[in-house]
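Note sheet for the following structure.
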Amino acid sequence: MRDFSSLLQQGVGNAWLFIPSAILLGALHGLEPGHSKTMMAAFIVAIRGTMKQAVLLGLAATVSHTAIVWLIAFGGMYLSRQFTAEATEPYFQLFSSIIILGTALWMFWRTWRGEQQWKAEQAYELEHQGHDESHLIDTGHGRVELSIFEDGIPPHWRLRNVAGQNWGAKSVTVTTVREKGFPQIFEFEEKDGFLQSVHAIPEPHNFTARLSLGHGGHSHDYDVEFKEHDHHHDHDHSALAGLDVSSQEYQDAHEKAHANDIKRRFANQNVTTGQIILFGLTGGLIPCPAAITVLLLCIQVKAFSLGAALVLCFSIGLAMTLVVVGVAAAYSVRQATKRWGGFNTLARRAPYFSSILIAAVGIYMGIHGWTGLMN
């Protein structure tokens, strides 16, 4: 580091040549142990996240990693001239371990809850076997039954609350899309213990129905398929062309209709953008002594702009590594789902292992931080 200091003191012009090296070192730095790559990849696999969410996760980790460098550097200048980046690392490790363990417990609980809901749906489907005009839907806020009722009346939609949140008529719509047909929207009205569509449903009942439930200024969408036994023909999934299956608000609890669409799985798990960002920010909290040292050195020799540029380039390299890791995890999940039909069954079990792995990382980080404090 002395040679670099001498170079800065002689003139910062030549030091700008280190910017490409800073990007490369940041990328390599991201490959070192302790930068949450395994944990982030496990998180992406567990929630079966999209590439967009993987990029967000990597960027969030980079932002927190860079912010910590700046905070420690400036704090160190004001608090003590004997300040070292290594001194704060145990505290950040303990704090991160608490957040990581909380995340692992949340993932385990969410997976267990999903399994219980899946078993309940299996029991429901077994009880209603042969009735294609009734579907049980897990909304993430409870379960509802969407059915076509036509006993003594023209066929109408009926929505019954099975468990959880009750939905008002004004917050519910159903949109049907038929093969080579136009979408039709059905509104609902309150009845005794259920909601019923205002208008009747035209025959035949061969279509994809999108149930939309609105609350809090936004809506959640759930797609189910209806078909009659007397119409024996293959269902053309082109009827879904008008539906935005890539929407983050799209949900389908157990991949009944399109299990190989990874974006549906992500939305269904109710992992919000805020949770993704929080996990990424937490994963990047461990400071980098090398980056802090370079920044402090540049500030001390009054090369502030150079120090900022080097840390920024270092962060860009780190972001490249973390984003690539996350995208690779998301892409591998998508390809496995497309090529192996049994992947969905395995994926329902994999989050248990992922949560245990993440918990192990949190425990290790906590022990390491505690040991550092004791020493």
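In my numbering, the protein residues as written are 802 to 1176.
Note that beta-carbon positions come from the ideal geometry of N, C-alpha and C, so glycine has one too.
All values reported here derive from a predicted model rather than from experimental measurement.
- At the C-beta level, L860 and V1124 come within 8 Å of one another.
- N1007 counts as buried, since no fewer than 16 other beta carbons sit within 10 angstroms of its beta carbon.
- In this structure, R911 is the residue among G941, P955, R911, L858 with its C-alpha nearest to the C-alpha of Y1153.
- T940 sits in coil when the DSSP states are folded into three classes, being neither helix nor strand.
- Between Q894 and G1075 a beta carbon distance of about 24 Å is seen, past the 8 Å cut, so the two are scored as non-contacting.
- Annotated as distal: D993 and R1011, with beta-carbon spacing of 8 Å or more.
- Within the model, the alpha-carbon separation for L1079 versus K1028 is close to 43 Å.
- In the DSSP assignment, Y1165 is bridged to no other residue.
- G965 has G943 as its beta-bridge partners, per DSSP.
- Between G915 and R944, the C-beta spacing is not below 8 Å.
- In the displayed model, A1109 falls within a helix according to three-state DSSP.
- Secondary structure of I899 (DSSP, three-state): helix.
- Between G1118 and L825, the C-beta gap is smaller than 8 Å, which places the two residues in contact.
- Residues L937, G943, R944, V945, E946 of the same chain have their beta carbon placed closer than 8 Å to that of V963, with the five preceding and five following residues left out of the count.
- At a Cβ-Cβ threshold of 8 Å, W958 and V978 do not count as neighbours.
- Contact between I901 and M1166 holds, with the beta-carbon distance rounding to 7 Å and staying under 8 Å.
- By the neighbour-count criterion, in which 16 or more other beta carbons inside 10 Å mark a residue as buried, D952 falls on the exposed side.
- Bridge pairing for W907: absent [DSSP].
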